[in-house]
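Asker:
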Amino acid sequence: MMYETYIFDFDGTIVDSEMIGLNALQATLKEVGIEKDLADLRIFLGIPGRRTLDLLDVPEKEKTYQKWLARERPLLRDVQMFAGIIDVIEQLPENSIVTSKTEDEMNHSYHLLGIEQYFTKVITASDTEKHKPHPEPLQLALRQLKRGAGEALYIGDSVHDMECAHAAGVDFGLALWGAKTTEGFEKAAYIFEKPDEILRLVDESQ
Numbered sequence: 002m003m004y005e006t007y008i009f010d011f012d013g014t015i016v017d018s019e020m021i022g023l024n025a026l027q028a029t030l031k032e033v034g035i036e037k038d039l040a041d042l043r044i045f046l047g048i049p050g051r052r053t054l055d056l057l058d059v060p061e062k063e064k065t066y067q068k069w070l071a072r073e074r075p076l077l078r079d080v081q082m083f084a085g086i087i088d089v090i091e092q093l094p095e096n097s098i099v100t101s102k103t104e105d106e107m108n109h110s111y112h113l114l115g116i117e118q119y120f121t122k123v124i125t126a127s128d129t130e131k132h133k134p135h136p137e138p139l140q141l142a143l144r145q146l147k148r149g150a151g152e153a154l155y156i157g158d159s160v161h162d163m164e165c166a167h168a169a170g171v172d173f174g175l176a177l178w179g180a181k182t183t184e185g186f187e188k189a190a191y192i193f194e195k196p197d198e199i200l201r202l203v204d205e206s207q
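Residue numbering for the sequence shown is 2 to 207, as defined by the numbering used here.
Here it is in structure tokens:
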């Protein structure tokens, strides 16, 4: 099936950054007296940072959030994109990003990579009142792109990404290179082990 537009999550899908974020979060939580295993924190992948701290019932949330960012940002300067992802994106007809990062957070990673030219739209958590897994971010992207839900494929690595896609009526493709597991993704329309497998959808339409 050929889609007119391909929408990507950012962390764990385009860039290999999630362990940086989780390690920084774990260390920050420890600083405020909350001990969490990394495995327990993976459930928060795909949702905004402030919402994560809400769910963890962290004291002095904003202060803790700024500490988390301060710990994470220097490490993001060296973040790497997943092998082959840009080669794939260059061959797709239209690409956008829907991320749970705020605009400010994206400014410390996305722009450093110099990949702005590949994406028609970038929707951040700063653009919507509601966030993944709510469909609003994806719905906003579709409106701005002037695309219907059936014309789009959303590619991500978290259950929150998949729930957002399904709530918006959009097909979901699992970025297994970031997710590392298919558990919980039984309702994904596609499971891509490597980025270049996305191109099969283009090849099949020709």
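A virtual CB, placed ideally from N, CA and C, is assigned to each residue, including glycine.
All figures in this text were calculated on a predicted structure; none of them were measured in a lab.
#1: State buried or exposed for Ala176, treating a residue as buried only when at least 16 other CB atoms are found within 10 Å of its CB.
#2: What is the residue span of the beta strand (DSSP E) that Ala176 lies within?
#3: Check Asp38 in the structure and name its three-state DSSP category.
#4: Excluding the 5 residues preceding and the 5 following Gln81 in the sequence, name in chain order all residues of the same chain whose CB lies nearer than 6 Å to its CB.
#5: Tell me which same chain residues have a C-beta within less than 8 Å of the C-beta of Gln92, skipping the five on either side of it?
#6: Cα separation between Lys188 and Lys31?
#7: What do you get for Asp41, buried or exposed, if any count of 16 or more other CB atoms within 10 angstroms of its CB means buried?
#8: What ranges does the alpha helix (DSSP H) occupy inside the segment 43-121, keeping only unbroken runs of at least 4 residues that lie completely in it?
Answerer: Straight from the coordinates:
#1: buried
#2: Asp172 to Ala176
#3: coil
#4: Asp17
#5: Leu200 and Val203
#6: 35 Å
#7: exposed
#8: 50-56, 62-77, 86-90, 104-108 and 111-114
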